[in-house]
Structure formats: C-alpha cells, structure tokens
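Residue numbers (my numbering), protein chains in the order written: chain U, 1 to 494; chain W, 495 to 811; chain L, 812 to 925; chain X, 926 to 1066; chain A, 1067 to 1552; chain C, 1553 to 1646; chain S, 1647 to 1801. C-beta: ideal position from N, C-alpha, C; glycine also. Just so you know, these numbers come straight off a predicted model, no measurement behind them. Working notes, structure below.
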Amino acid sequence: MTLFEHLPVLVVIIPLLAAPLCVLLDRPVLAWLAALLASWATFAATIGLVAQTASGETISYYLGGWAPPWGIEYRIDTLAAYVLLIVSGIAAVVMLAARTSVAKEIPADRAARFYAALMLAMAGLMGIVATGDAFNVFVFLEISSLSTYALISMGRDRRALYAAFQYLVMGTIGATFILIGIGFLYMMTGTLNMADLAARLPAVSNAATISAAFAFLTVGIGLKLALFPLHLWLPNAYAYAPSMVSVFLAATATKVAVYLMLRFVFTVFGHEFSLEQMALHYVLLPLAVVAILSASLVAVFQQDLKRMLAYSSVAQIGYILLGLALMSPEGVTAALLHVFNHALMKGALFMALAAVMWRVGSVQLTDLAGLGRYMPWTLGAFVIGALSLIGVPLTAGFVSKWYLVTAAIDAGWWWLIPVIAVGSLLAVIYVWRVVEVVWFRPPNPALVDQREAPLSLLGPTWALALANLYFGIHADLTTGTAETAVASLLGGLR
Amino acid sequence: MTLLGFLVLIAVAAIRLRDLFAVVMLFGVYSLLTAALFMNLDAVDVAFTEAAVGAGVSTVLMLSGLHLTSRWEQRPKRSPLLPLLVVGVTGAVLVHAMLDAPFVGDPQAPVQTHVTPYYIANAPVEVGMPNMVTAVLASYRGYDTFGETVVIFTAGLAVMLLLGIQQGTHNRPGLNAIGDQLVLRSVVKLLVPAILLYALYVQFHGDFGAGGGFQAGVIFATGFVLYDLAFGEGDARTVVPPGWLHRLAALGVLIYGGVGVYALLAGKPFLDYSALSADPVAGQHLGVLLVELGVGITVFAVILTIFYAFSGRGRRA
Amino acid sequence: MSVVIQWVSDILLLAGGLLCVTGGIGLIRMPDFFSRVHAAGVTETLAAPLLLVGLMLQLEWSLDMFKALMVLVFILATNPTASHAMAKAALHGGLRPWQADQDKTAGGAPSSNS
Amino acid sequence: MSDLPGIYNYLIVVFLMMAGFYVVISQGNLVKKLVGLGLFQTSVFILYISMGNVIGGAAPIVAEGVTVYSSPLPHVLILTAIVVGVATTAVGLSLAVRIHEAYGTVEEDDITAQDRADDETVGTSSTKDAAANATSTEDAR
Amino acid sequence: MSGPTLIALMLSLPFLGALLISLSGRAVAVRDGIVLLVPLVLLAVVLQLPSPVLVGDRPELVLVEMMPGLSLSFTAEPLGVLFACVASLLWPIASLYSIGYLRGNNEQHQTRFHACFALAIGGAMGVALAGNLVTLFAAYELLTLSTYPLVAHKGNETAIRGARTYLGVLLLTSIGFLLPAILWTWAVAGTVEFTPGGMLAGKLDDGLMGLLLLLYVYGIGKSALMPVHRWLPAAMVAPTPVSALLHAVAVVKAGVLTVLKVVVYVFGTEVLTGLAASDWVFWIAASTILIASSIALRQDNLKRRLAYSTISQLSYVVMGAFILAPLSLLGAALHIAAHAFGKITLFFAAGSIYTASHKTEISQLDGIGWKMPWTMTAFTIGALSMIGIPPAAGFLSKWYLLLGAWQAEHLAALAVITLSTLLNAAYFTPIIYAAWFKPAVDDSRHGEAPVAIVLALSLTALLTLLLFFLPDLPLALAQAIPGVGS
Amino acid sequence: MLLAAIVAVMVTMLLALVRAFLGPTAYDRMLAASSFGTKTVLLIALGGHAMSWHSYLDVALLYAMVNFVATVAVMRFFEYRAAREATEGGESAS
Amino acid sequence: MRLLFISGLLAAFWLLLSGHYVPLILALGAVSVVLVTWFVNRMDKVDGEPLSMRLGFGLVGYLAWLMWQVVLSNVTLARRIWDPRLPIRPTWQRLDTSVSTPLEKTLYANSITLTPGTLTTDVKRDHFMIHSLSPEGMEDLRQGEMEGRIRRLRI
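Printed below as a string of structure tokens:
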C-alpha cells in the first residue's frame, strides 16, 4: 500500500502521536513546533482525502488488517472528508497563532502539555469523523472530551474551573447516553460496524429497543451538540477557556457533533426510520427555533464578548439543526454549509478576541471602548466576522442562510423565514453593540498607547476573515462539496 | 440475583447519605460487588479490571479528592421534582426498551449469533491465544484499545495540567501527627514486592487468562500507591520520581503507536501485527505482547501520576 | 477425591460458614466500634481459613491450591494489620472505646463521635 | 408478563442506572455528582455484560470440554469503558479540588452565589484574574 | 474602453480610493489629493458609459458565480447609468465640500470619514449597476454599513443613538422584508436576474403578488416611505457632507432607484398595472408626500426641515413609478437627478451657514443673505428646484410627472402633486424671504464659508440650472428605460 | 456444603452491609466495608470453584489486595484529616 | 545475598502463579523478577527498613501455636456473640512490652489482633495500647506467654 492509501488513518494518528511527542519534548517552543508540523501535515493529508472523495467515492480502511464487522473500519466519504477538512484546517490556523497567545496565557512549564492536550482534542475530533465503527466513536469522543475539559480549565478566571466541571458532567452524561444507545443497537443486531448496522437494522426496526437506542443517541449527541435546552454548559466553557481553546472549540467541536448526528440519523438508522418512524424533525424543529430566538436574545445582554459569542454559537447551532429538521437534501445541504461557514466566522471572531485578550487582557465590553483606534486591523477582522455572522451578502454567512431559507421555502415552511430574519436581526443588535463601543465610543483611558496585535495573531485572524469573504463570494467550492456529500448521505431521499 | 439486590440497596443508600466519606466507601463496595457480578456473568477480565479500578483506584482517588475538598454534603436547597421527572422519563424509556430486548442468556440473541461466532471460532486460530477477550481487545479491535490508552494518557495529562506535580522530598508527612505506623509499614514492605510481581504476572499472562496490560498497569501502580500510603510520599517519590512518569506515559503510547506505524512502513494497514513476523500468527503474538506492554506502561505511569498529583496537593493543604 | 477428604472439606466449610455468620451477627450486636473490630476479626481470622482450607482440600494438588493458599496468606497478613490500622486511626480521630469498668472516661457514650 | 423473568436483570440494571443518574442531576455537591456518574456508568457496564452472557456458557477463554462461550466482544467494550470511566473520575476530581481551592467550597449553590457576587462588583475583575493567574503559576512549580 | 472594463473600473475605483485613503491617512495633503482625484477619474470613466447604452448596448460583467444559478453580476442599463452619472458627478463636488467642511470644523477621524465615503460610493455604483437582485442586495447592504460610521461620526451619545436608529431601521427592513422578498422571488421565478418586462409575470396570483410588492416596497427602507422614514431625520446628527451624501448623492437615491428597478425589472409595469396593491403603494407614497411636507412646515431646524422635504420628494419618485404611465416613470427617473442636484445644493448651503456662523435654526437666519450672498443664492436656486419653478431642474421632472398623471387620467395624482407643490412653496419661501428681506437681528460678524465650500455649492447650483437647460442626456437615458420609450 | 458456605458468606455480606448503612461513625462503615471486601474474596473463591469460573483465584487474590489498599487509603484519609483538623482547630462541626 | 534470596522467593512465587512453562514466559518471568528486585532494592535504600526474613522452624511452630490460640479465642468469642445477654466488658489498657525489633513488634501486635477478643490499637516504643472485650483477655496477655514465644524466635 502506498502512503496515499494510508491517508484515512494518518489524519488521525499524526496528531494523536504528536501529543506524547509534545510531552516528551517538554519545552514550549519544541512542543509548539511539533504541534504545528503535525497540524499542517494533517491538514495536507486531509486535502488529499478531500481530493480522493471529491466526486462521491467512499474510502474504506481496515485497521489492523481485519475486515469489518470483525475489525474496526475507517470510512471516509465526501461528508467525512468535508468535516475533517474543517477540523484540520481550523487546527492548522490555530496552531499558527498559538505560540504567541499561549506564551501569554499559559504558564511556561505547562505549555508543552497544553499543546499535547490540544493535539489530543484535535485527534479525538478527527477520529470521531473518520471512523465507521459505532463504539470507536465513543472512544474518540472521550479522547476529545477529556482533553477539552482540561483545556477549558486552563483559563485564567477561576470560573473556567467550574465551567470545565459542568462540561465534564454534562459531557459524561452525554457520552454515557451514547454508550447506552450503542449498547441497544448492539443488543439488537450483534454488530458495531455502522455499515453493517445499517444493513441489519431494518429487520428489527419495529422493536422498542431500537427506538430507545435512537432516543438515547439523539439526546447524547444533543448534549455534545449543545442542542437547546442541553446547551447550558457551552457559554461558560467557551467564555472562560484560554483564547486558543475558544477558537478551536467554537469552530470545530459542535461541528463534529453535528456530523455524528448526521451519521447516526442518516447512515445508521436511515432516513426512513429516523423521519417516518421517529419523526425526528418534529422534535428538532421547535428546539431549533427556540434556540435561535432565545440564545440570540440572551447574547444581546452579555457584557463578556466571548460569552456573547458563545450564546451566538448556540443560536447558530439552531440554524444548523433547522436545516437538518427540514430533512430535505436542500435543508441538509444548508446545514452542512452552515457547519463550514460557522466554523469560519466563529474562528475569525474568537481569533480576533484572542488578539484583543493578548493586548488588553480583557474582553469585557466596557473595557474596550474606543479600542478600534488602537487595534484597527484586529477589530476590522472582527467586523468582517460579525457581518458574516449576521449574514450580510458577500460573506460566508449569507450563503448558508440563503440556502437555509430556500430550503425552508421548498419545504413549504414559510413561517420559518421570519424566525431566521429575527435571528439575524438579533445578531445585528448584539454584534453592533460591540462595533459601536470599539469604534465610536471615546477611548477607555486605560487603553492609551495600546498597539496593534502582533502579526502572529493578526495573520491567522485575517486569514479566517478573508476566508469568510472568499467563501461568501465564491461559494461554488463549499456548495458543490456539500451537495455531493448530501447526495451520498441520503441517496434514497428523493 | 442476590448480588443485584445488594447493588440496589447500596445505590439507595448512596442517594440518601450526606456523609460523602460513607458514600465513597459504598461506591467502593458497589464496584466490588459489580465485579463479583461480572464473574458470575462469565466476564473474568472485566471483573478483574472493575475490581482493580472501581474498588481500588477510584476509591483511593475519591478519598484523596474528598480529603482535599470537604467531607460533608450540604442539604440540597433545590427541589428534586425536575430531576425526578427526568429520571422517571429516562427510566420509562429504558424499561420500555427492555421489553423488546432479548432475554439475558438467550443463545439466539443477535449478540450471540452475528459477530461473536466468528471470534469464538477464529480468534484462537488467527491470533493464536486462548483468551479471546485479549485477542479481540488487542488485535481485532486493537485500535479501540489504542484509543483507550490514549484516553488514559489524556487523563494523566489533564490531571498534570490541573494539579501539577511537586517534586519528591524526604519528609514523611502525616507520621508526625499520628506516630509511627510500624506494623503497617512492615506488612506493606512484605506485600509490595508480591504485588509488583503479581502485576507483572498479570501483564504477561493476559493471553491465557484474565488480565493484560491495563490491569497489570493498575496493579503495578497500586503497589507503589500502597508504598506511598505506608511510607509517605517522600519515600515513594524517591523510588519512583515523578519526573519519570510523564515520560513513561508518553513512551507507552508511543510503543503502541510505534507498532502501528511499523506496520504502515511495512506496507500493511495500521496496527496489522502480521507485519511483525513472517508467520502471521507469530506476528500477532508479538504484536499483542508489545502493545500490551505499551498499555501497561502508560496505565502504570498515569495512575501513579494522578495519585502523586493528589497527594502532593494534600501536603500543601 | 477420596471420601474422607470430601467429608473433612465439608465439615470445614460448614464450620467456616457458621463462624462467618457469627462474625456478621457480632458486627451488628456489638456496642461500639472497637468491640465490633473484634467481631469482624472472627470471620477474618478463623472463618476465612476454614473456608479456604476446605476449598483447598477440594482442589487437591494443583496450582489452584497454591493460589488459594496465597489468598489465605494474604488475608491473614493484611486483615489484622488493617484492623489495627483502623483502630489506631479511630483513636487518633478522637474516638474513645467504651469501657464497661470505667464509665467516666473521656469518650463518653459509645458511638457518638465520628 | 410471562417474559418478565428473562428481563429481570435488565430491569434492576435500569433502576441502578437511574439511581446514579438521579444523583448526578439532583445533587449540588460536586464530589457526589462524580460518585453518581460512577454509579451510572458502572450500571451501564452491567447492562453490556448481561447482554453478552449466554446460558450454559463459560468465560471466553478456550478451555477443554467447553463448547459454549459468552461473547467476548461486550467484555472488550466494557474494558475500554471502565478505563474511560476512571479517567473521567480522575479529571473530575482534580477539577473539584481546584474548584475547592479557588472557591473554598464544592457546593454548586455556593459557587454560583460567589460568581453572582463577583458580577455585581465588576470593577474588581482584573485584580481577581491576576490573583487566579498568580496561583496557577505557583501551582506550576 | 469596452463596456465590461468600464464596469469593472467603476466598481473598483471607489474601493481603490478607500484603500489609498486609509493608507495615506498620515500624510494629510496626499490623502486629500487622493480624495479629490479619485472621484474625478471615476467621473471620467462613468461618462464613457451613456453612449454605448444609448445605442442599445447592455455591457455585462459577471464577477463570480457565488452559488449555482446565483452570480455576482453587473449590467449597465439606462436607469442605473443615469444614477451612476448623477452620483459620480456629485462625488467630486461633495469631496471638495467635505475637505472644506472637515477642515473648517476641525473634525476628528477625517481619514475614516473619507474612506467610508468612498466605500459608500462604491456601494452606490454597485446598486446602480447590479444585474440581479442578490448583487443589488449586497451593494445595498454595503451602502448601509459603510454609511454607518459616517452617521456616527461625532461619537457622542446623540450621534451613536441616531446612528443606531439609522442602522436599525435600514437593516430591519432589508433583512426583515427585502431579503425574504428576494428569496421568495427566487423560489417563485427560479431566477433573480433582472429582466426587462419583469420576471414574475404569471407566476403568482394577485394577492400573493401584492404581498410580495409590499415586502419590496417596505424592504427598501432607503426610499423612506412612511412609516419607515424614521432613519432619515435620525441621521441628521451626522456632519453636513454626510447629509449631502445621504440625501443627494447615494443613499436615498439608491433606495428609490431600487424601487424603480424592482418595478421595471422584477414585476414589470404591465403586471403592476392590473394589481390592486399598486394602488395601495400609490396612496402610501402620496400620503407620505403630504404628511412629510406638513411636518417639514413645522420644523425650525434647517436640516430637519430639509430632511422631511427629502422624505416627501422621494415619494414623488415612488408615486411616479406607481402611476404606471410611461411618462410618469420618465418623470420619476428624472426626479432622481433633479432632486439630487437641488437637495445637495440646499444641504451644502446649510453646512455653509453652520460653518460660517454656527447657526442651525431657521429663525436665526434673518438677513443672512447679505452676509453670505453666494450661499444664499445657491440656496434659493435649490429651493426653486424643490418647489418646481423654472429655471430649476425640479420643474422638469415635476412636469413629466404631471404629464404622466394626465396621460393615465389619474386625477388623484394630479391633485397630490399640486397640493404638495403648494406645501413645498410654503416651507421654502419663508426661508428665502427671511434671508434676503428681513433685517439681521444680531450683529454677528461673519462672512462667507471657506472657499472650498462656496465653490462646491456654487457648482451644484449651477448644475441644477444646467439640468433645466440641457436635459438631453438624462432624458435620453430615461427614455431608454423599458416601459418608457416604447 | 459448598453451597451452604456460599449462602453463609452472602448472609454475612448482608449483615456487613447493614452495619455500613447504620454507621454510626465513619469508622464503623470503614470496618463494615473492609469486612465486606473480605467476604467478597471468599465468595469469589468459593463461588468460582462451585461454578467453575476461569481464573477465579487470580481475581480473588486481586480482591484481597485491593481491599487492603483501599482500607489503608481510608485510614490515611482519616489520619491526614485528623492532622489537619488538629492544626486548624477543626473545620466541621460533626 | 539478601537480594538473591528475595529474587528466589519472587521466582518461586512466579512459578506458582504462572502455570505456563514455555521459554518466552519464563524469560519474561526472569525479567520481571529482576525488575521487582531492583525496585525492592531501591525501596530499601530509601526507607532504611530493609526486610530481614529469617524464616525458621521456630516460626512455623509459633504459627501453629498461634492458630490454636486463635481457634480457642474464636470459640469463646462466638459463644459470647450468640449469647442473648452479650456478656462483654470492654477495656482499653496499656500493655508494657520488651520486644524490640520492628518485625518482632509487628508479629506481636498482629498476633494480638489476630486473636479475637484482643486488639492492638497503638504501638509505641515500649508499650502497646490494647483493647480487650473482657478483662480476662488482658490478663492472658499480661502473663506474657505470647511475648515469650516471640522473643524466643529471635527474628
């Protein structure tokens, strides 16, 4: 087998093995270099995978050489490659900025381990996406979760600790629910391989056990996904985590959970079961709507910008779920697009805040009055991200909202349009509060003589901001990939 | 059945008691009982692990945690209605699900008829070891076990990040307050070598019976935990310096991963042990031995790290 | 297995079982912590050996028999130590034995302190 | 209800799981929550092991004269899950310890009360951050 | 130069200008040079465009395909070219004026001001040339966002509150109504490309079509139909050059232009003719004219009076479009230009008065005409144009509106126009009277405003007159609009 | 007889459990738990033989060991706590 | 020499546990024994309490005697437990002792604890604290038969 054929496993084990390496190297600079190299190598490998699956092929990789269902299989289709690309791309960008930010926020003697944990979080997320085995999902879920708890707790405020603990409890409940769900599936089919499960489930799909498995998996993944009302852990976790962790998590963690949801709902259970028998969309739809409206509303009243963005994330997840709830190819495409675009916009926004945090040491709105005068480039990127969040045309956010509304219209659900519009308007309000304060208020005296953030932070921030513009203007790439992914995901639907 | 009855009693008591110390003790008992139940359900390996982990490591850790926090729980102010409702609904769904589930022990259940027969028929031949659990664990689903090793490594990393580890000192804390635990020390000194050797026995006999790298690592670490408890952390840290541990933990993961990468370099899929030798079965054997070693090293290092981290905090407090 | 050994084994097991329960009853009936330690000791010092020896007889000469022996040795070595250590810890934790002869000692009524 | 005995095991397991779950979501003490999580997870393990069991079977280790073995797969899965459980407990406990150091309590009600008090005196936020940072560097040594 | 190149230049020049301005922020002289130069270059480029368009050429530029079936494309068609000409003609003058005004008042953040001004022009060019609804929407929002910093320029509490209202109303309407309307159109028609004669014919029944029309009309908040006009008075907190930009050069004009484009290219006049909702829109516009005029009558603050005047004048355009006669459409298109020249003159004059004497209320203007003769002469010309008295450009457009109403036998329209003309006269003549014929109350000694300001307002006043005497080019362009000439 | 012995051990376990619930002091619970652990070892040893489980004696050995370690840990817990309370003048009322 | 002795004991332990006598496992066993011995050596150096294991027939004899004592006291105690009146009179007293080496002390203290009815609660330099269920148990200890036997072992 050539190197090319090993890409499916390489994208996971490169960061995975980089973690112990970081621990062994033990010096922040070396560990950072190792992590940087690993993340970029992973990114490159992922691009290879995307290329291999671009036209809808599925790659299967037998770990340990054992054929499924006896061994564990990695299964990369367009959808998986797409999500892998998001995770590794964001990780690669984050690692560029990490050195500067980490040097300021993490004590030097823990920095190496911090990088190791970051690599583990990344590897865990990659593993969840790559695998074709239900139980393997659980294992990698825990790798990413455990490292995430640790990463969040490294925040400077003591509330980071409590936030991490809350996340740990909620996350573990979620993981245990997923474990119960997988257990029921295994109980009724005797297999753990997703493809095999999909083949064997229809025969037993009338059993209450399968319905319960479905329910438990949905709730469990919903917890990881911060599905309203299971989102309570998210705002604090994102708000108090170290800057780089916020960037990485906000851009990737919930996306992978969405992927997982798609995997189980469509690949494992199949849309017939999920939709016709379980009517999942009637559960998701109201939750998504409430999430969009209530979380956006709460975001309006936040003083802490990271917290505000975190609530915004809950709302954005609402949009993604809304797309899923439409349960049409268009809707799922919209959801996938928003998965990608939301990663870009939240990445840019949190990255800009990381730069602000680096300079000012605070992201409380009141502390930042007039900061635009001193850090115009950073806050300029913030504005671009914010516009994308609102869904202004020529930004990535517009593309996904466009698709979402079109899908809603196609499904005949007209009344969703006002919901989306109100959500966007609330986004205008909470984002514009910030713009007003940083650009138009008289400067906070404490800020005098602040300077622009260093290039190592500014570069990644702008890279993400420009990506928002690029994928807003030239959305062919994302829409095309999303559509291919959806086609392979729900071939039967229509 | 009786065991299950005991479990129910303990669970109810754990809800009601406010003395967290008692709750933790009961949790230890609960784990031990669960392990006995696993024996009864033919899950030797699991029983082994649950006993070492649930009753041993978890209890010790929780006690350390309790020591560093507080022993008494406040009377909760909030209403129990909502939790009860959630639990009720969840429980109802579970009970509902159970009504359609195959009976316990039904030989016609899908679990027994689909993938399992393959393992039972082929594992002893293809992997060449009598203990099918080890064969499945380390070879067929070796990748899961790799993940498991990484999970434990992650936990060690997390605890190191959170608590940090103090370097060893030579004082014997606790002793000045209580006086000399002479009897305990003498007995422990006799037992520790036996425990360590037993751990290594478990490590290398996983192919034949209950045990394997994970259990061995836990027991090996337990030996030093016992030593630490009796002789004080100063001595323990001189025997096994904390500086070794994070390197060992990383090393274990790298051994496991290294076997996988070696297979890659040999042109086989990741973790395909048949790349290790011309004879596939011998390759499997060697591979399992190596990866179990990696697991053992990591688990030992991490468990001891965690324990050190807690006891180090204790001294400061 | 010869009949004699079978009989001996059965008797040992029965005696062990009875002693075991005795210890349990003692654990319930005894008035304070320190006296309960004695009761618990019953099961650990005699009941366990009786039961395990009974078992060893049934296992005959095999590795398993040695393992059972090791279990026995382990129990005999650790349990008194544990009892001793617990009693010591209880003393230092402020618990005082209840003594029948001198009611006015510092500990006061049995089973009050923690 | 003729099928009740066959699922008797499961029903008790359900009760145990829910007992653990109840502890997690109803109790305000962080350590007790962790104990609850442990109970919850351990009970799930019993569920898995139960489904792997087969009447008249033996442990899945090749032995003479045995033809029926219990399924090894659930055992493997639960071995992994046990590890995950203890890892979670360890991380959770270290978080609880740090929380106790930072807040002086491990009761949720007290923690949220302190946080709320902080919110009302926003001006001091920077000094508190500095203090938290100082302790974390101290930990590092 | 070929058509597409021209379009590309028109779109890129303002952005290039904005970039150069921000980069040269430290060197004030260089920056102000660029501020003057770029608009002139743009003007030179834009003036190349009418000739090919008039001979029936429709140059097109497709930038990128954003999503399948959705591209970012631009087309030069008569209506847009007319607007582009007006805007690019006024930009250099406005720039000149801004430099004078900003320097004269020692304003902060001048670089940001000029850069955003250039961006706003870029947005206006986008609106003018947009080839489909999505491109139009994008440019429309760019215009909104880039003018926000201008409105909030002063940075004090009032400015920020006013800017908040400005942005709030405009985004609320555009996201709440315009975007859904566009999406609805996309869903129904399967395209968003502008099509002469409309793309919706026969695709919807009348009730839904009416609903869609209302969504559009209220979605285009920039056209300031009541009751979504609130943003316009609120934006009066901005410096005068900004008001000029809002009222004359870009913003409100972009709004009414969008209305016209929707009427012409989305619905098509024929579809609208049979539609009951058209009548509703007509009455909304008519009442806006009358109500806004009456409010203007009661304002003592000069700029506020001008603002309400704008609201009423804009509705002329909307009303003209919804009289649905070819000539009234022509009048509406012309009114965009006429009102632009007139109103910019008025605002320049108001700013000039403020710069020279710091007076903002009409009641303070007694006798000011003799102190500031140039300014007040220009003001008088602008006012005449507003009322519709020759030889100012306003007469021309009102004439065509009246002709159109006559042609359509729309008596109500005739009545409204007549009545509103009287109202216009009622709120402008007192100012002129006071300025020239009342004795000065105070003896404050001030002369004319700085030269740059005076030069600018003289130029616009001249343009107002010129348009009356040489209306060929705008007339020709307006006649090329589908539904007018044929 | 093996069965009788098993039953006896189980009864004892129940009694130990009752003591663990009753307390009243933590030391009583500790004693009960330790005693319970020892009974479990016996149960595994006897039951394993009766039901011919695989490598049950290994497990029994492990249990005996773990039980001891846990007991020592508990004891240490109290020692440290007592030491701390002695220096701090007691933190909790009960 | 001492290490060799320990290694030998450990090797025996391994062989009894293992049950698989193939070269690979035996080799691993050898490695294991060496590793553990190494650790034991390290511990001995650190804690300064090396094990001295002078096993002899004396010890075996003592253990046999002890077992008999255990049986006797167990019977006594069992009778008390089943007695409805629960005839116990707990006392807690000091017991002076002259055993000196750590192992002797350990053995003595554990022997006391092992015999039900008496319990060592504390080991000090020259005395133990003993808890006894009845004064008679205390008296038996005071007579010193057990102490004498232990001293005679000379361990």
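I'd like to know if residue i contacts chain U, where contact means its C-beta is closer than 8 Å to some C-beta of that chain.
i, result
"Tyr802 of chain W", "no"
Smallest Cα separation from residue i: which of the options?
i, options, result
"Trp818 of chain L", "L:Gly865, L:Arg847, L:Lys878 and L:Ala850", "L:Gly865"
"His231 of chain U", "U:Leu201, U:Leu275 and U:Ser312", "U:Ser312"
"Phe885 of chain L", "C:Ala1568, C:Ala1602, C:Ala1625 and C:Asn1619", "C:Asn1619"
"Leu1202 of chain A", "A:Leu1208, A:Val1193, A:Leu1209 and A:Leu1543", "A:Val1193"
"Asp1040 of chain X", "U:His474, U:Asp157 and U:Leu25", "U:Asp157"
"Ala1351 of chain A", "A:Pro1293, A:Leu1195, A:Thr1411 and A:Gly1228", "A:Pro1293"
"Leu651 of chain W", "W:Glu567, W:Asn534, W:Leu575 and W:Leu742", "W:Leu742"
"Val733 of chain W", "S:Asp1690, S:Leu1670, S:Ser1719 and S:Gly1665", "S:Asp1690"
"Leu129 of chain U", "U:Arg263, U:Ala325 and U:Pro107", "Checking the displayed sequence, the identity of residue 129 of chain U turns out to be Val instead of Leu. Checked all of U:Arg263, U:Ala325 and U:Pro107; the closest Cα to Val129 of chain U is U:Arg263."
"Val540 of chain W", "W:Met654, W:Gly754, W:Thr628 and W:Ser768", "W:Thr628"
Could you pull the start and end residues of the beta strand (DSSP E) that residue i belongs to?
i, result
"Met1265 of chain A", "From DSSP, Met1265 of chain A is part of no beta strand (DSSP E); its letter is neither H nor E."
Give me the chain L residues within the contact set of residue i, using Cβ-Cβ distance strictly less than 8 Å, ordered along the chain.
i, result
"Leu656 of chain W", "Here the premise fails: no neighbours, minimum Cβ distance about 29 Å."
"Thr1590 of chain C", "Thr854, Glu855, Ala859, Ile886 and Asn890"
Chain W beta carbons: is any one of them nearer than 8 Å to that of residue i?
i, result
"Ser1607 of chain C", "yes"
"Tyr1615 of chain C", "yes"
"Phe135 of chain U", "yes"
Of all Cβ atoms in chain C, is any one closer than 8 Å to the Cβ of residue i?
i, result
"Ile932 of chain X", "no"
So with Cβ pairs under 8 Å, would you call residue i a contact of chain A?
i, result
"Ala482 of chain U", "no"
Taking C-beta pairs closer than 7 Å, name the residues in chain W that residue i reaches, listed in chain order.
i, result
"Arg1688 of chain S", "Val733"
Which residue marks the beginning of the alpha helix (DSSP H) containing residue i, and which one marks its end?
i, result
"Phe273 of chain U", "Looking at the DSSP string, Phe273 of chain U is not in any alpha helix (DSSP H), and its letter there is neither H nor E."
"Thr1495 of chain A", "Leu1477 to Phe1503"
"Thr1005 of chain X", "Pro997 to Tyr1028"
Does any residue of chain L bring its CB to less than 8 Å from the CB of residue i?
i, result
"Ala1585 of chain C", "no"
"Asp1768 of chain S", "yes"
"Leu685 of chain W", "yes"
Does the beta carbon of residue i come closer than 8 Å to any beta carbon on chain S?
i, result
"Val864 of chain L", "no"
"Gln817 of chain L", "no"
So, does the CB of residue i fall closer than 8 Å to a CB anywhere in chain X?
i, result
"Ser246 of chain U", "no"
Could you tell me whether any Cβ in chain E is nearer than 8 Å to the Cβ of residue i?
i, result
"Leu260 of chain U", "Considering every chain present, this structure includes no chain E. Its protein chains are U, W, L, X, A, C and S."
At a CB-CB cut-off below 8 Å, which residues of chain W make contact with residue i?
i, result
"Val1624 of chain C", "Leu678, Val682, Leu720, Leu723 and Ala724"
| Using Cβ-Cβ distances below 9 Å, what residues of the stretch 1016 to 1036 of chain X are close to chain C? | none
* Asked: According to a CB-to-CB cut-off of less than 7 Å, which residues of the stretch 144 to 157 of chain U neighbour chain X?
  -> Leu146, Tyr149, Ala150, Ser153, Arg156 and Asp157
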